[in-house]
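Residue numbers (this note's numbering): 568 to 803.
Using N, Cα and C, we set each Cβ at its ideal position, and we do this for glycine too.
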């Protein structure tokens, strides 16, 4: 696969915004977009940028969107932030492992924070633009055959419902736009490192290229749907 990116569905001199830009995938998205000759500008948002966007601080989400509004519209918005584990938070192997504080933290980062991102950043999306939010295949209720990982699965399933619902509303006012839920696969990162599947992980640059190429191929008719990085439609 070529490392070059040449997105054509967003028009010439498109502007991109990457939320969660400090993570492995977020960094890869930014690097690839900056190398795309069709991309005029890439703006980054994370807990370490200015303005700062912290998914655990709803005010920071609203403030970051307000700070970005003068540069709108953006033809591409990527949301690449999420939480699987940190500190004492780990994927649960059984119901007995469910912890209220951990559950709340995972939902805040994976569901509640992204809900506020949808609220404040969708108005900044170009009427013919694309917004892609990273979900996870383990958030598919229909595909759940192994169990476990209660907080992460449930938070991503809830995120998928938010995306689906917002896409229905968006189609009424901006029918040529795309709002997509994407599964990146297992990526070499701090998020995947402790887990068994990490042995099969792909470099973040490879995953980001696959996802951006997928966004470029998908059409407004695909808005509100859930896809794996290879274009496979995933069940809710």
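- Task: Could you give the DSSP three-state label for residue 733: helix, strand or coil?
- Result: Position 166 of the chain shown, counted from the first residue, corresponds to residue 733. In this structure, DSSP gives residue 733 a helical state, which the three-state scheme calls helix.
- Under 7 Å between C-beta atoms of residue 609 and residue 583: Indexing the chain shown from 1 puts residue 609 at position 42. Indexing the chain shown from 1 puts residue 583 at position 16. With a cutoff of 7 Å on beta-carbon distance, residue 609 and residue 583 are scored as near each other.
- Distance, residue 631 Cα to residue 638 Cα: The residue given as residue 638 occupies position 71 in the chain shown. The residue given as residue 631 occupies position 64 in the chain shown. Across the structure, residue 638 and residue 631 are spaced so that their CA atoms are roughly 12 Å apart.
- Query: Contact check, residue 591 vs residue 754 under 8 Å by CB: the rounded distance?
  - Reply: Mapped onto the chain shown, residue 591 falls at position 24. Mapped onto the chain shown, residue 754 falls at position 187. Right, the Cβ-Cβ distance comes to about 6 Å (below 8 Å), so this counts as a contact.
- Item | Rounded straight-line distance, which links the Cα of residue 679 to that of residue 622 | To locate residue 622, count along the chain shown from 1; it is residue 55. To locate residue 679, count along the chain shown from 1; it is residue 112. Going from the Cα of residue 622 to the Cα of residue 679 covers about 8 Å.
- Query: Count the other CB atoms within 10 Å of the CB of residue 672; is the residue buried (16 or more) or exposed (fewer)?
  - Reply: Here residue 672 refers to the residue found at position 105 of the chain shown. By the 10 Å Cβ count, residue 672 comes out buried.
- Name, in chain order, the residues that DSSP records as bridge partners for residue 748. In the chain shown, the residue the question calls residue 748 occupies position 181. DSSP lists 700 and 793 as partners of residue 748.
- Using the beta-carbon count (16 or more within 10 Å), is residue 786 buried or exposed? Residue mapping note: residue 786 aligns to position 219 of the chain shown, counting from 1. With a threshold of 16 other beta carbon atoms within 10 Å, residue 786 falls short and is exposed.
- Check residue 646 in the structure and name its three-state DSSP category. Start at 1 with the first residue of the chain shown, and residue 646 comes out as number 79. Taken through DSSP and simplified to helix, strand or coil, residue 646 comes out as strand.
- Assuming residue 722 contacts residue 677 (C-beta within less than 8 Å), just tell me the rounded distance between them. As a first step, residue 722 is located in the chain shown; it is residue number 155 there, counting from the start. As a first step, residue 677 is located in the chain shown; it is residue number 110 there, counting from the start. Yes, they are in contact, since the Cβ atoms of residue 722 and residue 677 sit about 4 Å apart, within 8 Å.
- Item | Where the beta strand (DSSP E) through residue 582 begins and ends | Reading the chain shown from its first residue, position 15 is the one you call residue 582. Here the beta strand (DSSP E) through residue 582 covers 581 to 586.
- Item | Contact set for residue 595: own chain, Cβ-Cβ below 6 Å, skip 5 residues either direction | Position 28 of the chain shown holds residue 595. These residues qualify, in order along the chain: 771, 772 and 775.
- Would you tell me roughly how many angstroms separate the C-alpha atoms of residue 798 and residue 781, rounded to the nearest one? Your numbering for residue 798 matches position 231 in the chain shown. Your numbering for residue 781 matches position 214 in the chain shown. Using only the alpha carbons, I get a separation of about 6 Å.
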